[in-house]
Structure formats: structure tokens, C-alpha cells
Amino acid sequence: MNFVEELRWRGMIHDIMPGTEEQLQKEMTTAYVGIDPTADSLHIGHLVSIMMLKHLQLAGHKPLALVGGATGMIGDPSGKSEERNLLSEEVLRHNVEAIKQQLLKFLDFETGENRAEIVNNYDWMKEFSFLGFLREVGKHLTVNYMMAKDSVKKRLETGLSFTEFTYQLVQGYDYLHLFSSKNCKLQMGGSDQWGNITTGTELIRRKTGGEAFALVCPLITKADGSKFGKTEKGNVWLDARYTSPYHFYQFWLNCSDEDTERYIKIFSLFSRQEIEAMTEEHRQAPHLRLLQKALAKDITIRVHGQEEYETALEASEILFGKGTTETLKKLPEQVLLSVFDGVPMFDVEKSELDAGIGVIDFLAEKTAITQSKGEARRMLKEGSISINKEKVNDEFVVSTAQLINNRHILVQRGKKNYYLVQAR
RNA sequence: GGGGGGAUUCCAGAGCGGUCAAAUGGGGCAGACUGUAAAUCUGUUGGCUAAGCCUUCGGAGGUUCGAAUCCUCCUCCCCCCA
1 MNFVEELRWR GMIHDIMPGT EEQLQKEMTT AYVGIDPTAD SLHIGHLVSI
51 MMLKHLQLAG HKPLALVGGA TGMIGDPSGK SEERNLLSEE VLRHNVEAIK
101 QQLLKFLDFE TGENRAEIVN NYDWMKEFSF LGFLREVGKH LTVNYMMAKD
151 SVKKRLETGL SFTEFTYQLV QGYDYLHLFS SKNCKLQMGG SDQWGNITTG
201 TELIRRKTGG EAFALVCPLI TKADGSKFGK TEKGNVWLDA RYTSPYHFYQ
251 FWLNCSDEDT ERYIKIFSLF SRQEIEAMTE EHRQAPHLRL LQKALAKDIT
301 IRVHGQEEYE TALEASEILF GKGTTETLKK LPEQVLLSVF DGVPMFDVEK
351 SELDAGIGVI DFLAEKTAIT QSKGEARRML KEGSISINKE KVNDEFVVST
401 AQLINNRHIL VQRGKKNYYL VQAR
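The numbering used here numbers the first residue of the first sequence as 1 and each following residue consecutively.
Rendered as C-alpha cells:
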């Protein structure tokens, strides 16, 4: 199966320029995707582009990841309703470096002629003078052409700065530069990038007479219409500092059946046969959530490693599975802490626990698990508070008897909100 | 510049002198069901020393035994005419 066929059955092609498939069949082709370094970690929204590069590399072509040190300084108007804030040069440098580290996990940068490379457009844009840019790039495309792009049209009502208007030229020039310097003939990205990419192919055609191609994937959606890749806590990041491996694993595990059937094709490398077999099996017994588990496992291991995956799995079993007070109390402190990495923590004086604390004060005053005593009373009445996995009522008194490892108390508000209280 | 309408608890939006911590809907949070899902149903949604009390209805004053409700001024928003 060739690269385009591979992406096609995986549902990863939204639009493809005629001739692209032929080009890929003709020779080893270099292709790139651009990544905006707006933060010092990638989030799972970036993963689609990265998987495109991965498949590209597996098909024997050469992937380039373009980290937009320069374009990141400008801001892409595509899909944005408001003018972007500019990032400082220093922040961008830091972000670019961090993103490079994450890309190493996905692509092979070592072996063979088609090893992946990272390029930073700041390297070739930084010395470009304004006049030089106008003469070399601006001259070749008309404002009429640029204004016809959807990304620009949509912003004409609300306004966009000259800087953002120029964005497509800068990105277009990137493509031209890579075309000339690295024989890069394909740019990929999300469907919102189509306009920017075609500005590039047009620029290449007019300036060099050469032919370059474009391939974009559809916007990843969720069946319920909400935005993909977001939780209540915000973006799902690849960096464990922002999204713990446990939460990362949970994100994939909690995807709906319908979404997961699409996602597993996009985010995992399972073969078509494997996925079809798993999907079939999943439909037979949806409650087992085989697909979600397979996807969550595959992607958590790839991003965080085997060990972190196992801890996340263990944590999930303790929290949602057979976990009881007994298993909880047997848990070594190290495991407990890693399982609850990222859950809110509160400190309580050990001397106070010796004396015993009424559960209402414990929830509302000693900790901030509930926002007020009124809320604490309501929650207790509704049966939504558990201490060490056991439901408690409003007469419960918290004392040292509840301490796990003589140090921690696990509190649940509802089913999914965990808090760890530490005795000092 | 002239005329009119409005600002209410997370949001939308009732209330127009006491019965208002304020209808209803949405959202949120919980409970049941379940697959850590969806759908559905139920409860709850200012605070407290809690059958009571305190702070809330754009801001500042005032009328009244009593104001989210009436009056005055201020701020902001919307609409119409010029």
C-alpha cells in the first residue's frame, strides 16, 4: 500500500493536489509540515500532522518538520478570529527547542537516506530584509490572489493587520526555500492550511517553473460537536509537566465509540486488518472498550513510554476498577503518589487529625475540596463524598485512622474528582 | 443633537412596593442507570454558628414601617429619528 492509499483508508485526506500521488510513486519525495511554536510542548492536535510525517517516512519518503520560529512571530490568520499576540524571540527559541525533543519520539532522525530532519524557518527568514522580501517574494503574487484566500476573506469584516495578511507569503516562501534547497515537493497540514500551502505551490510555479504539491487532512472532530483535544482542564499536551501520563491515558480511554473508530486509524499505526478486527470485536462487546484501550495504550506508550503507561493503567484500575480501601492501604507510597500525580493536594496538621476533624470542616475549611460548608453539607447529603473509597455521611469524623501509609487520605468528590490530603 | 428602551443571582431571562435568595430555561455539580460512555430520570445550584440570620438584583443617594421593584443623579449598553 502506498502512502496516499494508506492515508486514504485511514481517513486522513481532506484534499490533495492532482499529481501528488504520481510524484510520490515516481521517487523518494521530501515533504514537510509546519508546526507553530506557540508553546513549549506539542498538544494532541499536532499529532495528526506528525502521524502524516510518520506514514510518509514509513512509505520510504523523507519527512521534514518545519518549526516556525519565524512564522510563529507573525501569527497565522487561518481559523483565527482575532489578531494574534506576538511572542518574543527568546520564548520562541525555547519553544522550538522543546518541540524538537518531542518530535524525536515519533520520527527516525538517524537512519537512512530518508531520515527525518527538523528545520526552523527563522534560520532563513531572520536575515531577510524587508526590501529583499518585497522584491523576491511579494512581486510574484498579486494582492488580488492573496485576498481571495478564505483565511483572509473571513477576516476582512473584523479586520486583520498587514502582518497577518502577509503571513501566507512568509509561509509560501518557506515552501519555496525548502523546494530549492532540499528538493521538497510536498507540503502537508490540516485542512485550514490549504490556502497557505497553495500560495506556496503558486509561488514555486511562478518563480521557478517547478511543480510542488499539497495534501491536507480533515479537521479532527468529535461526534458530539465539541472541540477535539480539549478537556475541562484545557489542551491535552504531550509534555508530562502539563498533562500527566495518567490524564493523557484517560483522555483516549474516554473517547466515544464513534470517535475512537476514526481516531485509532489516525493516531495509531495498527494495520488495516488489525483495526478492522478490533473494530468488529469492539462492536460485539462495546462495554469492554477494547478500541479505546488499544488506542490509549498505543499512544501513551509512544508518547510517555512503557513504564508510564503501566502506571497510568494501574492508576486507572485503582481509581475505577476493583480498588477498595484495602488495596488502597496496601499501596506503597511511591505508587500512590505517582497514581495521584496532578490531583489537587492539601495539607492538614497531624495534631488536628489526632484530635479528629468533623468532615464538614475537613472539606470546607481544612481543605478546599468544597467551596463552602453549605456545599459540603449538600454533597454529603447527596452521598457524593468518599474517603478512601468509602462513602461517608455528615457525621463522619476524619482522624489518623484514615491515614494511608500513615500520611495520606484520599478524598473523592463525586466519581471523578480526587483529592489527596497529606498529614504534616 | 432629539426621542425611546435596557442593566437581575454562572448565562439567558421573569419579577415591577411586602408572600423574593428572587419564576423558567440553559449550563454546572451530584445521585440512579451504565461501559470511567451516550441517552434518560432525580436532586441541587449565595453565605453562615441554618425551622433563624447575613450579603446580593449596574453605582451613589433618597422616599417608605418595608425597595430588585418608586424618585434623583451618575456610568455603561441597545434601538429609532436628525
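Beta carbons: idealized from backbone N, C-alpha and C, even for Gly.
- Inclusion of A59 and E6 in the CB contact set at 9 Å is warranted, their separation being smaller than that value.
- Under the 10 Å beta carbon count, K105 is surrounded by fewer than 16 other beta carbons and is classified as exposed.
- Here P18 is actually not in contact with V67; their C-beta atoms are around 29 Å apart, not less than 8 Å.
- Within the same chain, Cβ atoms closer than 7 Å to the Cβ of E390 are found at T325, the five residues on either side in sequence being excluded.
- Each of R241, G374 and K366 was checked against the Cα of A98, and the nearest Cα belongs to R241.
- Judged by beta-carbon spacing, H43 lies within the 9 Å limit of N235, meaning their Cβ atoms are closer than that value.
- Between F213 and Q187, the C-beta gap is smaller than 9 Å, which places the two residues in contact.
- Cα atoms of N254 and G112: separation of roughly 38 Å, rounded to the nearest angstrom.
- By the neighbour-count definition (other C-beta atoms within 10 Å, threshold 16), M12 is a buried residue.
- Between H55 and R10, the C-beta spacing is below 9 Å.
- The three-state reading of DSSP puts T198 in helix, counting H, G and I together.
- Around the CB of K330, fewer than 16 other CB atoms lie within 10 Å, so the residue is classed as exposed.
- Taken through DSSP and simplified to helix, strand or coil, G45 comes out as helix.
- In this structure, D361 lies away from L380, with their beta-carbon atoms at least 9 Å apart.
- Between L176 and V137, the CB-CB gap stays under 9 Å.
- The secondary-structure analysis by DSSP pairs N235 across a beta bridge with K230.
- With a cutoff of 9 Å on beta-carbon distance, V339 and E314 are scored as near each other.
- In chain order, P245, Y249, K297, T300 and I301 place their CB closer than 8 Å to the CB of Y309, counting only its own chain and leaving out the 5 sequence neighbours on each side.
- If you draw a straight line from the Cα of L219 to the Cα of E333, it comes to about 43 Å.
- Going by beta carbons, L47 and L238 fall inside the 9 Å limit.
- By the 16-neighbour rule on beta-carbons within 10 angstroms, L288 is exposed.
- The alpha carbon of F320 has as its nearest neighbour, out of K416, D76 and A148, the alpha carbon of K416.
- The beta carbon of N2 sits closer than 8 Å to the beta carbons of E21, L24, Q25 and A59 from its chain, once the five residues preceding and following it are set aside; these are given in chain order.
- Distance between L420 and V335, taken at the CA atoms: about 13 Å.
- Residue nearest to H408 within the set K350, G374, V359 and K373 is K350 (criterion: CA-CA distance).
- Here DSSP, grouped into helix, strand and coil, assigns Y32 to strand.
- Going by C-alpha positions, D224 is about 13 Å away from T260.
- Per DSSP, the continuous beta strand (DSSP E) segment holding S386 begins and ends at I385 to I387.
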